[in-house]
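Chains as they are written, first to last, in the numbering used here: chain A, 2 to 260; chain B, 63 to 858; chain C, 1387 to 1521; chain D, 25 to 324.
Every residue, glycine too, gets a C-beta built ideally from N, C-alpha and C.
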């Protein structure tokens, strides 16, 4: 149990998070452990918020706070469970009995390559990332991926030079680095994947004819007027337009899906 | 019942520790005891006379002698019983010397107490002894010898010379075996054929030998004294009596074949003389390759035979006869080096095996070499020996020496030959062998320590490239040789499997036939009346083979000269009243000695080996074993444990072959162990049944030990498995009754483990002390529903 | 002066460790040398395979771990199918390599590998080599 | 007949010609090699330490895929897994044997795999050459359009098809499965004592010079026995014997290059399949001049 006055101190320490929230209104509390020390925090906070609530300040490695950038990846364990869990700290709610660390950063070696001169050949992966040959197919990377990607599969695809498969399987990679932290073969999976996507994008991906057409249209100034209109709109209006557009798109997609 | 009890002083051996008077006094009032006497030396002539006269004078039925071990003076007193007109089995001995005076001399009181109790146990047993007779079968003087190599020939001659009728069966058309192929013998370098051929010639000359060449054992039935043999004999189509071995037939024979006798280095015809020294000395016709045994097909040989010895109109005949004993001398088979393809045998013409080299040496000496072997020769040792990869982990024992011999002979023939022997270890253990090895070294033969890994053939010259590590120098050798000789090892002959099945002989893990005891019965088998001679028992050289052959002949003669073979009547028997005909025992007798006779089981005494393992399987207590009946054992158990008072009591079931003898050895060595132990002799540990074990605990034993013989040296190889099963049953019952299963322990032991024996006894005495006695209520429950506990529900 | 071998407790412990890792009863070796004679890589070796067996039996850890031979073994199993005691020497070599690799002492520095080689070599060569030469 | 097929990394990269020709040859013989829908590294080289389990995850995971294929009816009750690469064959089979025999270890592996279904130990790893043997050499002979009778062929086994004993597809000291195959294709198979000698395997990464020495010995031995072309079934042997000839030639000026190809390439040729399928253009030392000289190909 954390004493009340300490809680107040904690509350003071990070006003940005609980700004506007009265402690009385917090119904559920959770006890978490950060670097081995216990803290009592509101149960509906994300890991990142909870750590800030507990007094930690994020200067770097906190990223977008919206689940896109992959900067706030972290590891934790739950009480009574041997498994080491992985998560995005900005996207995962704290749980009672969570053992947390300071948000880790996965140091990675990234080879320098010039995409204009790199050969688009099967062995290019091994040329720049020879360590992928050390993969033992343990699948730990896949288990660690907070994006639920088939990480092992795209590393295996890289080994056999399948750029397309690497690009497709790794498309949603946010480069959080959790796979690399866990890999017993010391592979930096996300850099391998990035190489695969870039190369596939440049050499393997067949460009859409409509895209080319549209680029020409933009260059020719066909949409200049529309851009101007949108830029002049207020924030709320922009949101309305976006929502409307999304709705139409989803309708269209549904129709297309039926075909 | 009038039992005479005698206590021996053993000239002080016993009386200096055990208070004889006290023992005598304690026995006076025992039930059935006519009187108790003591004597300085009961085994002396005087002592024996006293007993003899008492039996006559006081009409004694039974005798109990408290003295030394029955292993020691038992036979003396048994003979005395017979002399006095009583069954020798109406006497029991209490072993108060080896089991009390000599092992508890540190505590005279305890020794005396134990002596009293041991004697009472003997009395308790003798009460139920029965006037059994020695069991005997008649034996005649006829022996079958299977295989007529040097072992079979030697045994046949020894037996025949001793007046025994011998049937000598040989699968080949000539006798002589492998020895007839050899050049000279190591280490003396006698000409092999020269020393062998007189012996071969003696065989058909001997009126007591019936020689059946080209014969194959088809069937063997019966047992010692009454084996019935069926032999299939192939015709050779040449009448050996008429054949003059002129060779005209072979000259005209159009079929030319490789000659196995010459290691396939020369050829022969389809009609051929097996060897120059063949006995019978006659040509034989190889039907497999002959153009047809039919004058229409060929018939050339018959046409030219001046002696009119060839007759195509012959058929395989079946011969039947009876013998009393059998000697198996089927010999060995050379390892086929083709099984190690890395040496290219059969593929590279300059890679030959040791036997081919023998033939080359013989033919060279005769001035007509079968093959040019060149000057630079390598021997590779251990081909087909000491090699787990091909399932031959054993040493063939002859290859080192024959390689050395051949090297010596080759050097003698041509001193500038360059000979290398690649070996792993040179094993020159026989008489004159090491010296002979040294001779080879002095002759300039070079020995390199390393097994050759593989051979390659130079495609242009046909020379052989040898690749090996010189393991002493740690350098690699890669050199060309003119000839490479593979020193092939030996394995049991191909017929072994068949023979072992027919005669029910065990095979050791190397495939050779198993002797009854590696040290003391090296030519006997576990089947009475069947003996082994020569390499069928394991690899050996000629002198060892000949000695073993003579040994087996002597063992067979010893048996047959008695005219009668006596056994102790250690035999299982069935109480027909109790037997319900369930047949469990029939399935579990490893000797197939029990069968169903109508509604009850019946023991075939010819097959019963007296192990007693069947008794554990009888849910009705209908099976029992003479000399060690359930009742006798139970009475001994009761006597041993009921009156223990506050003392702990360790009951030891000691098997006759090992544990009981070991206890005697401990006595001889004056090794001290706990006086709270009581030893009960059993014929084998599997005689001990779950019921007896539970009875022991029921009547008050604090711990029970079962000491038996290791499976590999036991006359009852199934025994440990059986007793382990029984022990498991009892362990479970003990646990169910919340009695520590540590109280019951089964192990095997060997007769020299004197310290271990004392150690085990002491450990279990300490355990008995620590655990304390088993409470009466628990003990009483032990015997309830015993049948159900031991046999499950099926029999209740 | 010839080298002295100390049959120490540590030597025996090293033997036990290699026996455990390899699962092979090294003390069964009869030093026949058939392994050495069969070895395709023997010309590159500083210790012969049979010598490795004997030295392991004697627990000569330092010399063994220093030797080139344990890395030269290509796991071709020629010795394995010929050893008369059915010992698997490739397992012994692997165990010796593992002693080093498990201390994170790699035989090959992947970072320093020639890019042209990496491009040329089939993946199976790299996968195999990294398996054998890195921990 | 549909059989699950495991390609392995190199069959998709440096040895595409091996895969393409084999699949085509199989098809001619009525066998469809169905690639595992999902597969990972075979786990090469077989891990030899007794306490190591992690390196066996890879092979066992691939075996689980065979179970899945059966469940998904991609193949019908077919638990054989065919490989082309000798090294994959060896690794998969050896791990398979270890975990079939050792139930406890299998359970451990299963618990580590977690996401896959348990491996039940019911898969049998076979090499394509065994499938060919089972089909029967008579049937293979029936498909011949261009008998290989103009070629003197040395067949090279290497290690992984033969050793250790329990894994080998033939007698480790005296194999003849490749000889029989090529004799049935009409070829003259030369003596080749070094056919089972190791090519140096992965040592090619660390020490190409000594691998080149072995290549020199092995190929010289083949040539001494008058071979014109060498066939193999292992992409690593193929690389060492083929590509390393460059170093051999720099060391031994007298050494004349000899083509080294996969057995399936020559089979495809004998079966009269399209020259693209044979894939002779992607061997390092081209077999095309030899094949042209012998009249197997039209001069362009």
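| Asked | Found |
| --- | --- |
| Three-pair Cβ contact test at 8 Å for the region 420-439 of chain B versus the region 206-215 of chain B | no |
| Reduced DSSP category for residue 627 (chain B) - H, G, I as helix; E, B as strand; rest coil | strand |
| Below-8 Å beta-carbon distance, residue 208 (chain A) vs any chain C residue | no |
| Local conformation of residue 132 (chain B) per DSSP, three classes | helix |
| Through-space distance from residue 235 (chain D) to residue 265 (chain D), alpha-carbon basis | 9 Å |
| For residue 482 (chain B), the residue or residues it bridges with in DSSP | B:440, B:508 |
| Outcome for residue 1480 (chain C) when other beta-carbon atoms lying within 10 angstroms are tallied against a minimum of 16 | buried |
| is_contact[residue 538 (chain B), chain D] using C-beta, thresh 8 Å | no |
| Rounded Cβ spacing between residue 241 (chain B) and residue 604 (chain B) (contact assumed at less than 8 Å) | 7 Å |
| Cβ pair residue 833 (chain B), residue 795 (chain B) closer than 8 Å | no |
| Span separating the alpha-carbon of residue 812 (chain B) from that of residue 146 (chain B) | 37 Å |
| Cα-Cα separation, residue 324 (chain B) to residue 245 (chain D) | 35 Å |
| Reduced DSSP secondary structure (H/G/I, E/B, other) of residue 293 (chain D) | helix |
| Beta-carbon gap between residue 1470 (chain C) and residue 1416 (chain C) smaller than 8 Å | yes |
| Residue range of the unbroken alpha helix (DSSP H) whose run includes residue 70 (chain B) | Unbroken run through residue 70 (chain B) is the beta strand (DSSP E), 65-70; no alpha helix (DSSP H). |
| Cα-Cα separation between residue 251 (chain B) and residue 471 (chain B), rounded to whole angstroms | 9 Å |
| Neighbouring residues, chain A, relative to residue 1505 (chain C) (Cβ below 7 Å) | 124, 128 |
| Own chain residues within Cβ distance below 6 Å of residue 210 (chain D), not counting five before or after | 171, 172, 173 |
| Residue 248 (chain B) and residue 463 (chain B) closer than 8 Å at C-beta | yes |
| For residue 421 (chain B), the three-state DSSP class (helix, strand or coil) | helix |
| Cross-chain neighbours of residue 1471 (chain C) in chain D, by beta carbon under 9 Å | Those do not exist, as residue 1471 (chain C) stays about 15 Å from chain D at its closest Cβ, beyond 9 Å. |
| Touch test, the region 556-572 of chain B against the region 1443-1456 of chain C, Cβ-Cβ under 8 Å, three pairs minimum | no |
| For residue 80 (chain A), three-class secondary structure by DSSP | coil |
| Contact set between the region 159-182 of chain A and chain D, restricted to residues whose Cβ is under 8 Å from the partner | 160, 161, 162, 163 |
| Expected contact under 8 Å - CB spacing of residue 202 (chain B) and residue 287 (chain B) to nearest Å | 7 Å |
| Contact under 8 Å by Cβ, residue 394 (chain B) with residue 555 (chain B) | yes |
| Alpha-carbon to alpha-carbon, residue 541 (chain B) and residue 1430 (chain C) | 19 Å |
| Bridge partner(s) assigned by DSSP for residue 279 (chain B) | B:293 |
| Extent of the continuous beta strand (DSSP E) run through residue 541 (chain B) | 537-543 |
| Residue 232 (chain D) burial status per 10 Å Cβ neighbour count (16 or more: buried) | buried |
| Test: residue 217 (chain D) CB closer than 8 Å to a CB of chain B | yes |
| CA-to-CA distance, residue 1495 (chain C) to residue 1520 (chain C), given in whole angstroms | 8 Å |
| Rounded separation between residue 333 (chain B) and residue 315 (chain B) - CA only | 7 Å |
| Span of the alpha helix (DSSP H), counted from its first residue to its last, around residue 345 (chain B) | Premise fails: residue 345 (chain B) is in no alpha helix (DSSP H) and is neither H nor E. |
| Euclidean distance between Cα positions of residue 132 (chain A) and residue 177 (chain A) | 19 Å |
| Cβ contact (3+ pairs, closer than 8 Å) linking the region 221-234 of chain A and the region 149-168 of chain A | no |
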